[in-house]
Amino acid sequence: MASPTVAANAYASLAKIMERSGAEKAGQAAAGPSFSALLQDAVGSVMDTGKKADAQTMAMASGKANVMDVVTAVAETDVAVSTLVSVRDRVIQAYEDIMKMPI
């Protein structure tokens with residue numbers, strides 16, 4: 000189960016992604032970030048989180064990291080991957096719902 004700190008970090012990461020995407024398109028009138036840009040940032044964020052967990056695990060194996068840091072990094076990665084999978088499932092469900100609509 001994810002701790003409140005991990006959940007708060009996940010929400011903060013999402014807020015940063017939204018701010019970055021919005022700042023890139025500041026010149027456009029009331030247009031939000033494109034779906035592809037949000038998806039690319041989200042996948043990149045998950046990959047960065049996974050790399051951080053891998054680095055912490057390697058540091059612990061060499062005796063340079065605290066066990067709590069490793070557990071926290073792995074938990075953050077778990078939350079990020081779970082969120083990404085949930086979004087993927089919802090996008091697939093929405094696509095299937097659209098395809099079932101009569102013309």
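Per numbering that gives the first Met the number 0, the sequence shown starts with residue 0, numbered consecutively. Glycine included, every Cβ here is placed at the ideal spot set by N, Cα and C. All figures in this text were calculated on a predicted structure; none of them were measured in a lab.
Asked: Any contact of the segment 65 to 78 with the segment 45 to 53, i.e. 3+ C-beta pairs under 8 Å?; Found: yes
Asked: For the alpha helix (DSSP H) holding MET46, just list the boundary residues, first then last.; Found: 34 to 60
Asked: Of all the options MET100, THR82, PRO101, MET67, which has the alpha carbon lying nearest to the alpha carbon of LEU38?; Found: THR82
Asked: Would you kindly work out how many angstroms separate the C-alpha atoms of LYS99 and GLN92, rounded to a whole number?; Found: 11 Å
Asked: Whole angstroms is fine: what's the gap from SER44's alpha carbon to SER12's?; Found: 8 Å
Asked: In angstroms with no decimal places, state the Cα-to-Cα distance between ALA36 and ILE16.; Found: 9 Å
Asked: Are ASP68 and MET59 touching if we call contact CB-CB under 9 Å?; Found: yes
Asked: Secondary structure at ILE102, three-state DSSP: helix, strand or coil?; Found: coil
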